[in-house]
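Visitor: All letters in the sequence shown, in the order written, are residues 306 to 668 by our numbering.
Below are the structure tokens for one structure; questions will follow.
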Amino acid sequence: MSRVYNFSAGPAVLPEEVLREASEEMLDYRGCGMSVMEMSHRSKMFERILEEAEADFRELLHIPNNYKVLFMQGGASQQFAAIPMNLMKNKVADYIVTGQWAKKAWQEAQKYGRANKIATSEDKMYSYIPDCSDLEIDEQADYVYICENNTIYGTKFKTLPNTKGKPLVADVSSCFLSEPVDIEKYGIMYGGVQKNIGPAGMVISVIREDLISEDVMLETPTMLKFKTHADANSLYNTPNTYCIYMCGKVFQWLKKQGGLEAMKAYNEKKAQVLYDFLDSSKMFQGTVRKEDRSLMNIPFVTGNKELDDKFVKEAEAAGLYNLKGHRTVGGMRASLYNAMPMEGVKELVAFMKNFEEGNLKYV
306 MSRVYNFSAG PAVLPEEVLR EASEEMLDYR GCGMSVMEMS HRSKMFERIL EEAEADFREL
366 LHIPNNYKVL FMQGGASQQF AAIPMNLMKN KVADYIVTGQ WAKKAWQEAQ KYGRANKIAT
426 SEDKMYSYIP DCSDLEIDEQ ADYVYICENN TIYGTKFKTL PNTKGKPLVA DVSSCFLSEP
486 VDIEKYGIMY GGVQKNIGPA GMVISVIRED LISEDVMLET PTMLKFKTHA DANSLYNTPN
546 TYCIYMCGKV FQWLKKQGGL EAMKAYNEKK AQVLYDFLDS SKMFQGTVRK EDRSLMNIPF
606 VTGNKELDDK FVKEAEAAGL YNLKGHRTVG GMRASLYNAM PMEGVKELVA FMKNFEEGNL
666 KYV
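Given below as structure tokens:
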């Protein structure tokens, strides 16, 4: 079977070049006689893998020296607890709830202090980003939290909130390394890597050093303390070694593509192909306010559940996989992460046009 076009929201498509390189090195990494999967995380060979991965990651994001890069297990959802445990000195935090993942983070934070919901778009099924230019930030808030790109509902913060001096904590799982960012606008920027960077099983967190301390909640587990991992250079315990290796290869691939500036331009072109069709279609409609549309996750519907199901089934038969929308919203969703080639988007649009022509009578 030839490779399909995989539009999954995560675990998601990886660059074919990276997969081929990993395949070639599976049994023998650079002449060491073993796979990276078998390699001690304390070995000199793996230390070089980790050092190269962090150096390339820092280069891509232009990370200044006063920020730590932590490679941690547990995924983004584990950070929903780790963040308040490490940062809630006043037991207060402000949350902007623009989708399911921000909502879950807000709900988790309520276990550790007062988590204020200071803005939300739930009134319209999270189909827009609320105005965050002049929010009522709690004077006691230890941080302001957002999920920057909404994987499920397809929205994206184009302008970061005005936090009025409070540290901004952002879950960037589904837009990680898709465009340049100004790291110094964030206190913490973190994300699960399985959507746009590597295999599932790890989160990368970029944390300003002043937010890393021993002054955390008494009940914070050792493995959830940022200082534990910062002091040990992400090697306190056995890390997800193969995931770090694969992410490192993706970082190198991104550099070959021209870095994040080039990726943003490419991602904009890919998304425009699909959005242009959705805006002209008689059958398919996008579900997000235009100015808040994500480049990474594009949900759309026909308005007819049976027709949506038919579309997903026939698309898969045509080699277009994982287009079913999230179970909470239905419809369809195409995730156009960095590794999705333009050819895949064009194939999808061509299929959508043919499907529309053959099924318009059902709308």
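Where a beta carbon is used, it is the ideal one built from N, C-alpha and C, also for glycine.
Please determine if the segment 519 to 527 and the segment 462 to 474 are in contact, where contact requires at least 3 C-beta pairs separated by less than 8 Å.
Guide: no
Visitor: Going along the chain, which unbroken runs of the alpha helix (DSSP H) with 4 or more residues stay wholly within the segment 521 to 546?
Guide: 531 to 536
Visitor: Given this structure, state the Cα-to-Cα distance separating residue 395 from residue 448, to the nearest angstrom.
Guide: For the purposes of this step, residue 395 is taken as the residue at position 90 of the sequence shown. For the purposes of this step, residue 448 is taken as the residue at position 143 of the sequence shown. Spanning the two alpha carbons is a distance of roughly 10 Å.
Visitor: Considering only residues of the same chain and omitting the five flanking positions on each side of residue 435, which have a CB-CB separation below 8 Å?
Guide: For the purposes of this step, residue 435 is identified with residue 130 of the sequence shown, where counting begins at 1. Answer for residue 435: 401, 403, 424, 425, 426, listed in chain order.
Visitor: So what does DSSP say about residue 419, is it helix, strand or coil?
Guide: By 1-based counting over the sequence shown, the position of residue 419 is 114. Note: residue 419 maps to strand in three-state DSSP.
Visitor: Would you grab the beta carbon distance between residue 583 and residue 590 for me? Rounded to a whole angstrom, and I think it's under 8 Å.
Guide: For the purposes of this step, residue 583 is taken as residue 278 along the sequence shown, with counting starting at 1. For the purposes of this step, residue 590 is taken as residue 285 along the sequence shown, with counting starting at 1. Between residue 590 and residue 583 the Cβ distance is about 7 Å, and since that is below 8 Å, they are a contact.
Visitor: Is the number of C-beta pairs between the segment 483 to 492 and the segment 338 to 357 that are closer than 8 Å three or more?
Guide: No, the segment 483 to 492 is not in contact with the segment 338 to 357.
Visitor: Determine which residues share a DSSP beta bridge with residue 501 and list them.
Guide: Residue numbering aside, residue 501 sits at position 196 when the sequence shown is read from its first letter. Per DSSP, none; premise fails for residue 501.
Visitor: Which residues does DSSP pair with residue 452 in a beta bridge?
Guide: The residue labelled residue 452 in the question sits at position 147 within the sequence shown. The partner list for residue 452 (beta bridge, DSSP) reads 476.
Visitor: Does DSSP classify residue 434 as helix, strand or coil?
Guide: Here residue 434 is taken as the residue at index 129 of the sequence shown, counted from 1. It is coil, neither helix nor strand.
Visitor: Go through its chain and collect everything with a Cβ distance to residue 418's Cβ below 7 Å, but skip five positions before and after it.
Guide: As a position in the sequence shown, residue 418 is number 113, starting the count at 1. Excluding positions up to five away in sequence, the list reads 389, 393, 396, 397, 398.
Visitor: Going by C-alpha to C-alpha distance, which of 538, 457, 587, 470 sits closest to residue 600?
Guide: Counted from its first residue, the sequence shown places residue 600 at position 295. Checked all of 538, 457, 587, 470; the closest Cα to residue 600 is 457.
Visitor: Could you say which of 445, 359, 422 lies nearest to residue 437 if we only look at CA atoms?
Guide: Taking the sequence shown and counting its residues from 1, one reaches residue 437 at position 132. Selected option, being the one with the closest Cα: 422.
Visitor: Taking only three categories from DSSP, how would you classify residue 646?
Guide: Looking up residue 646 in the sequence shown gives position 341. Of the three classes helix, strand and coil, the one that applies to residue 646 here is coil, per DSSP.
Visitor: For residue 597 and residue 349, I'd like the C-alpha separation in whole angstroms.
Guide: As a working note, residue 597 is residue 292 in the sequence shown. As a working note, residue 349 is residue 44 in the sequence shown. The alpha-carbon atoms of residue 597 and residue 349 are separated by roughly 46 Å.
Visitor: Is it true that the CB of residue 481 sits closer than 8 Å to the CB of residue 362?
Guide: Position 57 of the sequence shown, counting from 1, holds the residue named residue 362. Position 176 of the sequence shown, counting from 1, holds the residue named residue 481. Cβ distance not < 8 Å, so residue 362 and residue 481 don't count as in contact.
Visitor: So residue 312 and residue 639 are supposed to be a Cβ contact under 8 Å. How far apart are they, rounded?
Guide: Against the sequence shown, residue 312 aligns to sequence position 7. Against the sequence shown, residue 639 aligns to sequence position 334. Contact flag correct, Cβ pair sits at about 5 Å.
Visitor: Please state the DSSP three-state secondary structure of residue 600.
Guide: Translated into positions along the sequence shown, residue 600 becomes position 295. Correct three-state label for residue 600: coil.
Visitor: Where do the ends of the alpha helix (DSSP H) carrying residue 328 lie?
Guide: Translated into positions along the sequence shown, residue 328 becomes position 23. Annotation for residue 328: the continuous alpha helix (DSSP H) segment containing it runs 321 to 329.
Visitor: Assign residue 613 to one of two classes, buried (16 or more other C-beta atoms within 10 Å of its C-beta) or exposed (fewer than that).
Guide: Here residue 613 refers to the residue found at position 308 of the sequence shown. Its Cβ being crowded by 16 or more others within 10 Å, residue 613 is buried.
Visitor: Residue 571: buried (16+ other C-beta within 10 angstroms of its C-beta) or exposed?
Guide: Counted from its first residue, the sequence shown places residue 571 at position 266. Buried: at least 16 other Cβ atoms inside 10 Å.
Visitor: Thinking C-beta only, is residue 344 closer than 8 Å to residue 546?
Guide: As a first step, residue 546 is located in the sequence shown; it is residue number 241 there, counting from the start. As a first step, residue 344 is located in the sequence shown; it is residue number 39 there, counting from the start. Pairing residue 546 with residue 344 gives a Cβ-Cβ distance under 8 Å.
Visitor: With H, G and I counted as helix, E and B as strand and the rest as coil, what does DSSP make of residue 549?
Guide: Residue mapping note: residue 549 aligns to position 244 of the sequence shown, counting from 1. Residue 549: helix per DSSP, three-state reduction.
Visitor: Have a look at 611, 439, 548, 560 and flag the residue whose alpha-carbon is nearest the alpha-carbon of residue 340.
Guide: Against the sequence shown, residue 340 aligns to sequence position 35. Checking every option, the nearest Cα to that of residue 340 belongs to 548.
Visitor: So is residue 642 buried or exposed if we call it buried at 16+ other beta carbons inside 10 Å?
Guide: In the sequence shown, residue 642 corresponds to position 337, counting from 1. Buried, because 16 or more other Cβ atoms sit within 10 Å of the Cβ of residue 642.
Visitor: Measuring alpha carbon to alpha carbon, tell me which residue in 629, 588, 338, 617 is nearest residue 658.
Guide: For the purposes of this step, residue 658 is taken as residue 353 along the sequence shown, with counting starting at 1. Ranking the options by Cα distance to residue 658, first place goes to 588.
Visitor: Over what stretch of residues does the beta strand (DSSP E) that includes residue 510 continue unbroken?
Guide: Counted from its first residue, the sequence shown places residue 510 at position 205. Per DSSP, residue 510 belongs to the beta strand (DSSP E) from 507 to 513.
Visitor: Taking its Cβ as the centre, do 16 or more other Cβ atoms sit within 10 Å of residue 523, making it buried, or is it exposed?
Guide: Position 218 of the sequence shown, counted from the first residue, corresponds to residue 523. Exposed, because fewer than 16 other Cβ atoms sit within 10 Å of the Cβ of residue 523.
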